[in-house]
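Novice: Got a structure for you, questions after.
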Amino acid sequence: MQLRQSQSSKIQRTLHLIIQCPAYYKYITNLNNIVILTKREREIIKMWKFVRNLHAAVVLTTIAMAVMAHPSTQQAVTKLHVKNELCGLRLIVHCASKDDDLHAHVLDTGSAFSWEFESVNFICTTVFWCNLAVRNNHLSFTAYNAAIRNRHEHWVVNEKGVFTVGHRLISEWRYGALSVDKSHCNVGP
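Below is the structure:
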């Protein structure tokens, strides 16, 4: 009988340690074949595991709700435009992202291709790129990158390449500038 009482006090100390220090539970489970636990004590340990997992679930749910409520994750619509200012030349525009292929579009002089999308991406991985072709020349550029803060949404294509609306060159034609006759053209500068 003496052995059972000392074992019982040892188990009580162990349970007290488990409640005070959850990391100690791993130590005890490794020695589970040595320590004899009663059914009630095993139930207490299972309950402790449940409470610990429930606590983790509550914390993760709270974090997820905070992330979703953050203004940077609110749904915002982004509109992108690619305008053809090549005098007398048709421009082929093919834009895509990892998830969306917008297919090829043929733009006459002065016309534009526009698209919009919901720019909700918490880890900023959304990227749209465009391939442009005219005659035997082509170029590629990144039309949208969520990771870049000061991004442009309007692109102008002329004989030198792709420009921002503020006339900053973004990408040049692969085989040099195109020769166009601007005498009959009423498109931009």
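Using the working numbering, the first residue of the sequence shown is number 310, and each one after it goes up by one. The C-beta atom is built at its ideal place from N, Cα and C for all residues, glycine as well.
CA-CA distance, K392 and A421?
Specialist: If you number the sequence shown from 1, residue 392 lands on position 83. If you number the sequence shown from 1, residue 421 lands on position 112. Cα to Cα, K392 sits roughly 4 angstroms from A421.
Novice: Quick one, are the C-beta atoms of L441 and E481 less than 8 angstroms apart?
Specialist: Counting from one through the sequence shown, the residue named residue 441 turns up at place 132. Counting from one through the sequence shown, the residue named residue 481 turns up at place 172. No, these two residues do not count as a Cβ contact at 8 angstroms.
Novice: Nearest-angstrom Cα distance between A373 and H390?
Specialist: Working through the sequence shown from its first residue, we reach residue 373 at position 64. Working through the sequence shown from its first residue, we reach residue 390 at position 81. Rounded to the nearest angstrom, the two C-alpha atoms are 34 angstroms apart.
Novice: For E425, count the other beta carbons within 10 Å of its own beta carbon; 16 or more makes it buried, fewer makes it exposed. Which is it?
Specialist: Stepping through the sequence shown from its first residue, residue 425 is reached at position 116. E425 comes out exposed.
Novice: Give the DSSP-derived three-state secondary structure of L398 in the structure shown.
Specialist: As a first step, residue 398 must be located in the sequence shown, where it is residue number 89. Here L398 sits in coil by DSSP.
Novice: Where do the N-terminal and C-terminal ends of the beta strand (DSSP E) with G470 fall, by residue?
Specialist: Residue mapping note: residue 470 aligns to position 161 of the sequence shown, counting from 1. Residues G470 to T473.
Novice: Kindly identify the DSSP beta-bridge partner or partners of N467.
Specialist: Position 158 of the sequence shown, counting from 1, holds the residue named residue 467. Looking at the DSSP assignment, N467 forms no beta bridge with any residue, so it has no partner.
Novice: On a CA-only basis, which of E468, I479, A365 and H476 is nearest L487? Give me that one, please.
Specialist: On the sequence shown, residue 487 is found 178 positions in, with the first residue counted as 1. Cα-wise, what sits closest to L487 is E468.
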